[in-house]
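Quick notes on the structure that follows.
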Amino acid sequence: MRSRYTAFVLRDEKHILASWHPKSRPKNLNFDDFPVTWLGLAIHRVEQGGPGDVLGTVEFTSTYVENGVLCALREVSSFVREDGLWFYLRGDCQVDRRKVERNAHCPCGSGKKFKRCCLLTTRPG
Ligand SMILES: [Zn+2]
2 MRSRYTAFVL RDEKHILASW HPKSRPKNLN FDDFPVTWLG LAIHRVEQGG PGDVLGTVEF
62 TSTYVENGVL CALREVSSFV REDGLWFYLR GDCQVDRRKV ERNAHCPCGS GKKFKRCCLL
122 TTRPG
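Written out as structure tokens, the structure is:
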């Protein structure tokens with residue numbers, strides 16, 4: 002789960018797709034369409050997912066800036082274990098979007114103004 006988050010941050014498409022269950026796996030991920038700056042991951046709840054389980058559930062919130070908007074994605078992800086490996090099956094998510102003032106401190110914690118930091122790097126074109 003955490004390794005998937007890291008893979009998203011690093012845009013490691015190979016790892017993300019490899020850990021996706023074949024039943025629900027997309028053909029590819031269009032990272033270039035989504036200029037995103039990841040800010041953090043908070044795990045709220047883990048159910049099952051232990052050595053003796055075949056199913057696991059993780060509820061988490063990941064925060065990021067996309068296209069100049071601060072987003073908090075809350076998701077309940079389902080994982081299934083096959084041949085000793087965990088695969089991401091599906092997720093139910095909702096995204097909270099909040100506009101950040103151009104002159105406010107950037108939510109990434111850089112100490113810079115938003116317009117000089119993640120607003121610049123997450124604007125397409
Ligand atoms: Zn920033």
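My numbering puts the first residue of the sequence shown at 2, with every later residue one more than the last. A virtual CB, placed ideally from N, CA and C, is assigned to each residue, including glycine.
- With a 10 Å radius around the Cβ and a threshold of 16 neighbouring Cβ atoms, T122 comes out exposed.
- A straight-line Cα-Cα distance of about 12 Å links V59 and C94.
- DSSP places E14 in no beta strand (DSSP E) but in the uninterrupted alpha helix (DSSP H) bounded by 14 to 19.
- In this structure, the straight-line span from the alpha carbon of P108 to that of L71 is close to 8 Å.
- Around the beta carbon of G57, 16 or more other beta carbons sit within 10 angstroms, so the residue counts as buried.
- Nearest to G51 by C-alpha distance, out of G85, V10, C119, N104, is G85.
- Taking one beta carbon from each stretch, the segment 30 to 43 and the segment 4 to 16 have 3 or more pairs nearer than 8 Å; the two touch.
- In the DSSP assignment, T62 falls within the beta strand (DSSP E) that extends over 56 to 67.
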